[in-house]
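Positions 1197 to 1629 (the numbering used here) are the ones given, in order, by the sequence shown. The C-beta atom is built at its ideal place from N, Cα and C for all residues, glycine as well. These notes are about the structure you will find just below.
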Amino acid sequence: MPVSCVPCNRSFNGQHDLDQHLRDSPQHRSTTRGLPSTIPSGSSVPEVTNPAVQTTTQGVKSPWSRITGGYTTALNELSAYCHSTNELQERDYIVHPYNPLDYVNAGICKQCHCKQTGIVSRQCTFHPSKRSKWNKKKPYKCCNTTRGGGGCQTLPTHNFQPPQRALTHPEFRRTPVALAEPKFRAVALDCEMAGIAGGGSEVILLCAIDFFTGAVLINRLACPRVAITDMRTGIHGITKSSLNTSTSQGQALAGWGEARSELWKYIDDKTILVGHALEHDLGALRMIHPRIVDSSILTEIAVGGRRVRFGLHKLSAELPKIQIRKSKEGIHDCLEDVLAAREVVLFCTRAHNKEAFKRWAEAEKRKEIRLEAERKAARQEKAKRHHRNRARGGSSSYNFDSDDEDEEYLRWSDIAEDLGWPHPDTGYDPWSD
């Protein structure tokens, strides 16, 4: 699989050629001083150092910034923004090793999708078939009705299944502790995913760069050890054919296990991991890491901690003013996304951007206040319609667990999907890839 040295704007046929370039290039050798920490030159991973800003062959300046003023200052500024354990846990990061007690009464009914918590001797009412929420007039196939209430079939008990994360949590491991061999101080990463049976996701591409230099450390496909049910080619552009070819040629990593091991060659528990919505990437790699700077969390907190999650495309365009995913289809380029997340985090953490970041956050906060007022007015109007319907002898209560998508019924999973939030059952976030 082709790899590239982003600072030099050069592509190579494989990782071996890139390693040789980083070892032998006069540009990389001439700027070795000031690097906070690198892999020693005697190891399989060469030294990576701070390059000058490069131009493309057309003479256009690269959008990716070069850190000036020394690495120590940038490292200290970045370290100050590492998230606390509570901040990570509140945003669905796994921060502790598996404990079966954490998943007591945490099941989700496979039939009606209600949660096990607080459910005692309650019947399960549901629709065996579903319909598209975008076609409200289309009847359910199971009962040929358009307004199903709680459902058309009732069973005496629920069919609770453990949540997806309970199945993968036992495979999570902490990042190895720092030893004598130095590793990189900060690494930005991103993964592309494919869907598997049960609604889970498996990593199929891992990309990691040195945060300070932008040099590519890893950019390799990974072949899952389980069957892929949804390739999601429309998101990342990776086809099953290209994955199979890479696997047959011995270039692809063997699933998330080897992908995680490959990443651990470059990092330890002192490394700061940088990215956007990294809970999904670390979840796919089954990793527990203590030092994280997440662009989605930085911006959420700055705007007011209202659980407003901004997409990387928006943040990159509005903060460092870099447009990504320019293709008509909006295909994600994993390496481009890693570099964009790096730029967003640099914008949010560097001292000279403090006022600009504050102005952006205040503008977004005002926008959210206005949108919340509009949502409140919509809820009040809906309550009025509800009372009018009840006065005419209609339904006397809302139903939030129903599969019915008529305008008088809500499903929290649909709201999450519409807003780009992680699905409550699968955890898949379409904005994180």
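Item, Value
"Validate contact between the region 1388 to 1406 and the region 1417 to 1424 using beta carbons, cut 8 Å, 3 pairs", "yes"
"Exposed unless 16 or more other CB atoms sit within 10 angstroms - verdict on R1581", "exposed"
"Whole alpha helix (DSSP H) elements within the region 1270 to 1327, 4-residue minimum", "1281 to 1286"
"G1394 burial status per 10 Å Cβ neighbour count (16 or more: buried)", "exposed"
"Closest by C-alpha distance to P1358, when choosing among F1506, Y1277, T1313, I1488", "T1313"
"Which residues DSSP lists as bridging F1356, in chain order", "C1305"
"Beta-bridge pairing of A1390 - partner residues as DSSP gives them", "E1398"
"L1567, enclosing alpha helix (DSSP H) - first and last residue", "1550 to 1587"
"Buried versus exposed call for Q1519 [16 or more other C-beta atoms within 10 Å across all chains shown]", "exposed"
"Unbroken alpha helix (DSSP H) run spanning L1535, endpoints", "1530 to 1545"
"R1381 - DSSP class collapsed to helix/strand/coil", "coil"
"Spatially closest choice to I1488 from A1382, R1586, Q1360, E1551, by CA coordinates", "A1382"
"For E1286 and K1311, the rounded distance between their alpha carbons", "19 Å"
"DSSP state of N1440 mapped onto helix, strand, coil", "helix"
"Per-residue burial, I1405 [other beta carbons within 10 Å of its own, 16 or more giving buried]", "buried"
"Whole runs of the beta strand (DSSP E) within the region 1416 to 1503, excluding any shorter than 3 residues", "1424 to 1426, 1468 to 1471, 1488 to 1490"
"Exposure label - D1464; buried when at least 16 CB within 10 Å", "buried"
"Integer-rounded CB distance, given that Q1447 should sit under 8 Å from L1417", "7 Å"
"Backbone CA spacing between P1486 and K1510 [nearest angstrom]", "27 Å"
"First through last residue of the alpha helix (DSSP H) which encompasses L1508", "1508 to 1514"
"Minimum C-alpha distance to T1269 - residue among R1586, A1587, L1542", "L1542"
"Limits of the unbroken beta strand (DSSP E) element including Q1349", "1349 to 1351"
"Neighbourhood of V1291 by C-beta, 7 Å cutoff - its chain only, sequence neighbours within 5 removed", "T1281, L1284, Q1285, I1484"
"Chain-order list of residues whose beta-carbon lies under 6 Å from that of I1527 (same chain, five-residue window excluded)", "G1433"
"R1370 burial status per 10 Å Cβ neighbour count (16 or more: buried)", "exposed"
"Secondary structure of R1361, DSSP reduced to three states", "helix"
"P1366 beta carbon less than 8 Å from that of Y1267", "no"
"Closest Cα partner of F1506 within the set A1537, I1304, C1530, A1574", "A1537"
"V1540 and L1515 closer than 8 Å at C-beta", "yes"
"Exposed unless 16 or more other CB atoms sit within 10 angstroms - verdict on E1558", "exposed"
"Whole-angstrom C-beta distance between A1384 and G1471, which should lie under 8 Å", "6 Å"
"Spatially closest choice to Y1462 from H1583, E1377, T1545, by CA coordinates", "E1377"
"Cβ shell of T1364 (< 8 Å), same chain only, five flanking positions each side left out", "G1396, G1479, R1482"
"Nearest neighbour of S1261, chosen from R1546, A1390, G1453 [CA to CA]", "R1546"
"When C1278, E1454, I1263 are compared against I1497, the one with the closest alpha-carbon", "C1278"
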